[in-house]
Amino acid sequence: MIGALADLALPFLRTLDPERAHELTLRAMESGLYPRRTEADDPRLAQTIWGMNFPNPIGIAAGFDKNARVPDAILQSGFGFAEVGTLTPLPQPGNPRPRVFRLPADGAMINRLGFNNDGHAGALERLKRHDRHGVVGVNIGAGKDVQDREADYITGLETFFPVADYFTVNISSPNTPGLRDLQAPKELDSLLTRLMAKRDELVQSGAPTRPITVKLSPDIADDDIAAICERLVAHGVDGIIVSNTTLERNSLHAGPQAQETGGLSGAPLYERSTRLLAKVYVLTQGQIPLIGVGGINSGRSALGKIEAGASLIQIYTGLVYEGPGLTGAIKKALVSGIEHAGVASISALIGIKSDEWAAKT
Ligand SMILES: Cc1cc2nc3c(=O)[nH]c(=O)nc-3n(C[C@H](O)[C@H](O)[C@H](O)COP(=O)(O)O)c2cc1C
């Protein structure tokens, strides 16, 4: 019944300003109005990663639930995990509106939100109350005007350490000027040295450890990828998320929205982010779990990410165009992919086409 309502709501939501539609979606989820998972996931979709159980590999990408308002609803609607944030220590309004644009002819969106969020305090209180059935990661970032960006990440790690199942260090949003400079090997060294030292300190004082992942931009120059991967491995990061939105605008249908400033997500990002994913998989020799994100809008594109090297995947823009039925469709396609390949479970498909993807230019 609620599934049918959700299908009816989609065309209506698309007539609204994207941010307004998003707020209505979050409010509906807060009120319990969302389609729930009706049956258990196929056990062949389950994986244990970082010692945690993921009943299926599909997560919701950062930015959907910036303030940790609905992590339990996300999990109950059938996702295998959720990621909340990006959260900065203090509340921020973000950039002036309008700042989110739909590009329906391209199955894409452009956003220049600029880390609008309510800050750490409220999200922490909400996460303390969540029912802990399922994996919820916390995506941390740095405030717009801060002098010491690294200090904001350290504060994020410390604040959410008791409640985050994993962390994402977001150094790849294109909408906070200068943030992506933190991906340069020297900056990365400095940030990761401090973060890992803080984690050691927290664990030594008795807290259970938490995996730390780093989220990369799809616009990293080809020549820089190897050095970045080398630093990530050297610092012992537990996961790499590939990728955030792109500044690239090739191949978009002409139209006023296509010229908007901001990060492009959705279908046009698929090839670019999947190529980088495969390159990272090859360079890290499949030793670090990767989360593939960017342009997934079907079972086929989801399977493609896994074959390129992703242990887990995340979606955002695909949900805007395909609706909540997308997760069920992806699960079906992944099970078919497992059967078609004659393997026992999804983990046997990870990276099987990474060389093919990585060779693409
Ligand atoms: C409206 C919007 C807001 C986003 N906000 C964040 C964010 O706060 N932090 C982050 O790491 N990524 C953010 N993203 C990027 C997504 O997490 C994801 O990396 C990107 O959209 C590519 O996935 P997709 O093509 O499935 O949307 C945002 C994306 C969109 C569309």
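My numbering applies: residue 1 is where the sequence shown begins, and numbers increase by one. Heads up, the beta-carbon is just placed ideally off N, CA and C, and yes, glycines get one too.
Nearest-angstrom Cα distance between residue i and residue j?
| i | j | result |
| --- | --- | --- |
| residue 73 | residue 190 | 37 angstroms |
| residue 366 | residue 43 | With the chain represented from 1 up to 361, any question about residue 366 goes unanswered, as that position is not in the structure. |
| residue 111 | residue 26 | 18 angstroms |
| residue 149 | residue 118 | 18 angstroms |
| residue 252 | residue 268 | 7 angstroms |
| residue 233 | residue 33 | 42 angstroms |
| residue 99 | residue 219 | 21 angstroms |
| residue 204 | residue 30 | 37 angstroms |
| residue 56 | residue 126 | 24 angstroms |
| residue 296 | residue 247 | 18 angstroms |
| residue 286 | residue 307 | 12 angstroms |
| residue 154 | residue 177 | 20 angstroms |
| residue 160 | residue 124 | 7 angstroms |
| residue 69 | residue 320 | 18 angstroms |
| residue 37 | residue 325 | 10 angstroms |
| residue 12 | residue 315 | 21 angstroms |
| residue 445 | residue 227 | Limits of the chain in this structure are 1 at one end and 361 at the other, which puts residue 445 out of reach. |
| residue 64 | residue 71 | 10 angstroms |
| residue 132 | residue 22 | 24 angstroms |
| residue 76 | residue 62 | 17 angstroms |
| residue 28 | residue 35 | 11 angstroms |
| residue 352 | residue 341 | 11 angstroms |
| residue 58 | residue 97 | 31 angstroms |
Based on the DSSP secondary-structure assignment, which residues constitute the bridge partners of residue i?
| i | result |
| --- | --- |
| residue 215 | 170, 241 |
| residue 135 | 81 |
| residue 54 | 47 |
| residue 59 | 81, 314 |
| residue 246 | 264 |
| residue 346 | Looking at the DSSP assignment, residue 346 forms no beta bridge with any residue, so it has no partner. |
| residue 140 | 87, 169 |
In the DSSP assignment, the beta strand (DSSP E) including residue i goes from what residue to what residue?
| i | result |
| --- | --- |
| residue 90 | Note, residue 90: premise wrong, no beta strand (DSSP E); not H, not E. |
| residue 204 | Element bounds for residue 204: not the beta strand (DSSP E) but the alpha helix (DSSP H), 185-204. |
| residue 113 | That residue, residue 113, is in no beta strand (DSSP E); it is neither H nor E in DSSP. |
| residue 265 | 263-266 |
| residue 102 | 100-103 |
| residue 290 | 290-293 |
Please list, in chain order, all residues of the same chain as residue i whose beta carbon is under 7 angstroms from its beta carbon, the five residues on each side excluded.
| i | result |
| --- | --- |
| residue 1 | Bear in mind that the predicted position of residue 1 carries a pLDDT of just 47, short of 50, making it unreliable; the figure below should be weighed with that in mind. The answer is none, since no qualifying residue turns up. |
| residue 332 | 299 |
| residue 88 | 115, 117, 119, 141, 142, 143, 152 |
| residue 303 | 333, 334, 337 |
| residue 93 | 116 |
Are the Cβ atoms of residue i and residue j separated by less than 8 angstroms?
| i | j | result |
| --- | --- | --- |
| residue 292 | residue 270 | no |
| residue 79 | residue 327 | yes |
| residue 243 | residue 354 | no |
| residue 175 | residue 216 | no |
| residue 277 | residue 309 | yes |
| residue 210 | residue 199 | yes |
| residue 85 | residue 122 | no |
| residue 179 | residue 143 | no |
| residue 103 | residue 258 | yes |
| residue 434 | residue 115 | With the chain represented from 1 up to 361, any question about residue 434 goes unanswered, as that position is not in the structure. |
| residue 229 | residue 317 | no |
| residue 135 | residue 54 | yes |
| residue 202 | residue 158 | yes |
| residue 165 | residue 266 | no |
| residue 214 | residue 169 | yes |
| residue 289 | residue 49 | yes |
| residue 245 | residue 357 | no |
What is the residue span of the alpha helix (DSSP H) that residue i lies within?
| i | result |
| --- | --- |
| residue 124 | 120-129 |
| residue 160 | 149-160 |
| residue 304 | 299-308 |
| residue 231 | 222-234 |
| residue 337 | 325-341 |
| residue 281 | 270-283 |
| residue 26 | 18-30 |
| residue 256 | Counting along the chain, residue 256 falls outside any alpha helix (DSSP H), and DSSP gives it neither H nor E. |
| residue 74 | 71-76 |
| residue 358 | 354-358 |
Once you ignore the five residues that flank residue i on each side, which residues in its own chain have a CB closer than 8 angstroms to its CB?
| i | result |
| --- | --- |
| residue 347 | 47, 311 |
| residue 10 | 323 |
| residue 225 | 276, 279, 280, 283 |
| residue 24 | 13, 16 |
| residue 231 | 185, 188, 189, 192 |
Enumerate in chain order the residues of its own chain whose CB-to-CB distance from residue i is below 6 angstroms, with the five nearest sequence positions on each side excluded.
| i | result |
| --- | --- |
| residue 15 | none |
| residue 343 | none |
| residue 60 | 74, 79, 82 |
| residue 345 | 44 |
| residue 329 | 299 |
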